[in-house]
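Novice: To start, I am sharing the structure in question, which I have written as structure tokens.
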Amino acid sequence: MFVLEFKVKAKKTQYQAIDEAIRTTQFVRNKCIRYWMDNQGVNKYALNKLCKQLAEEFPWAKELNSMARQSAAERAWSAISRFYDNCKKGIKGKKRVLNSEVSSECKKHSRGYPQFQKNNRSVEYKTCGWKLDLNTRKHITFTDKKGIGRVKLVGTRDLHFYHPDEIKRIRLVRRADGYYCQFLINTEVKEQLEPTKRTIGLDVGLESFYTDSDGHKEPNPRFFREGEQKLKRLQRRLSKKQKGSSNRRKARQKLGKAHLRISRQRKEHGSATRWMVKWQGFHTSFRAIPDENSPWSPSELYLLIGEAHLPSPIIPVCGMTSLPLSKRWLREDKAG
């Protein structure tokens with residue numbers, strides 16, 4: 001499965017309807033979390049029944065598509081099941097446990113306790129509640145009673161290559177620069193890569209992104225450091241605006257777009273790195289060689305990064321790389 005994303009172009013009233021659908025999704029999810037906290041033996045099917053009760057009790061919740069409400073309940077159950085898995089594994093973390101169903105041992109070593117959402121930004125539809133324009137594939141109509149209606153899809157990817165039955169879910173996402181529509185396509189992606197029969201060593205560090213055994217050094221892009229001054233300037237402007245004013249709303253939007261730009265730069269860099277590795281024909285597995293000169297183990301470094309004990313220049317670098325620090329990695333191809 002993979003996701004295709006398009007920018008949504010609509011009227012102001014349609015954007016307001018999307019916001020209302022997003023708030024309803026947040027309401028249903030939080031109600032499911034509260035129901036799980038107050039009752040014992042709650043499972044996934046009990047949360048689905050709760051969605052029906054909420055639709056009968058609140059008319060504005062009934063306006064949202066029934067499968068969209070079930071999707072919100074699935075989000076709640078995903079958080080609950082993740083919490084139970086962490087308890088079984090004995091992962092240490094937060095000790096906040098309100099449900100009497102959880103054992104005392106789990107209370108001591110609990111992590112990822114389900115929290116109430118304060119700012120949800122997406123609503124998810126399943127196989128109904130929407131209708132794609134099969135002629136142009138550039139418009140989609142949402143048929144529930146929220147009033148979203150027909151919106152335009154702007155993007156370079158073409159949906160003509162995929163049958164509508166392959167679209168399993170559709171998600172409307174609100175970001176700092178507008179609204180987006182995501183299509184979850186259920187298709188198998190096959191990549192044919194021929195091994196190059198090469199072996200190369202990669203040394204990941206802070207001064208450079210990596211240094212290979214051939215002597216090539218790839219510079220480390222510091223997107224956060226480059227945009228830090230702009231973020232500070234926009235944050236100062238935001239703090240000086242009067243709360244509730246239009247100028248503060250505009251300043252907040254500019255700050256959000258600046259953060260979104262840095263996030264996309266870092267994400268694109270990680271994606272480009274993965275494609276570079278695949279293009280070179282390297283195998284996807286790593287064999288680690290510990291660095292005897294390093295006083296820190298990778299697990300200790302990850303712990304320090306998670307607790308923000310390291311200086312800020314290190315954290316962006318670690319965020320862009322999925323490899324532990326102070327380790328040399330030897331990457332081998334399939335034929336090796």
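In terms of UniProt numbering, the sequence shown opens at residue 1 and continues consecutively.
We put the CB at the ideal spot given by N, CA and C, even for glycine.
Keep in mind it's a predicted model, so treat the numbers as computed, not measured.
1) Check L202 in the structure and name its three-state DSSP category.
2) From the DSSP output, in three-state form, read off L64 for me.
3) Excluding the 5 residues preceding and the 5 following R82 in the sequence, name in chain order all residues of the same chain whose CB lies nearer than 7 Å to its CB.
4) Tell me which residues share the same chain as R121 and place their Cβ nearer than 8 Å to its Cβ, disregarding the 5 neighbours each side in the sequence.
5) Checking the sheet assignment: what are the DSSP bridge partners for Y210?
6) Where does F161 land, buried or exposed, given buried means 16+ other C-beta within 10 angstroms?
7) Tell me the rounded alpha-carbon separation between F209 and G227.
8) Classify G129 as buried or exposed, calling it buried when 16 or more other Cβ atoms lie within 10 Å of its own Cβ.
9) Looking only at its own chain, which residues have a Cβ that is under 8 Å from the Cβ of G67, when we skip the five neighbours before and after it?
10) Provide the residue span of the beta strand (DSSP E) that contains Q182, from first to last.
11) Have a look at G149, L184 and R150 and flag the residue whose alpha-carbon is nearest the alpha-carbon of H163.
12) Should S78 go down as buried or exposed, given a rule of 16 or more other Cβ atoms within 10 Å for buried?
13) For E63, which residues of its own chain have a beta-carbon under 7 Å away from its beta-carbon, when the five flanking residues on both sides are left out?
14) I'd like to check one pair, R233 with A251: are the Cβ atoms closer than 8 Å?
15) Mark Q14 as exposed unless 16 or more other C-beta atoms lie within 10 angstroms of its C-beta, in which case mark it buried.
16) Which one of Q253, R222, V151 and G244 has the shortest CA to CA distance from R266?
Specialist: Answer, in terms of the structure:
1) strand
2) coil
3) G112
4) I22, V173, R174 and R175
5) V204 and E218
6) exposed
7) 19 Å
8) buried
9) Per the sequence shown, residue 67 should be read as Met rather than Gly. Closer than 8 Å at the Cβ level, and outside the excluded window around M67, lie Y125, K126, T127, C128 and G129.
10) G178 to I185
11) L184
12) exposed
13) D144, K145 and K146
14) no
15) buried
16) R222
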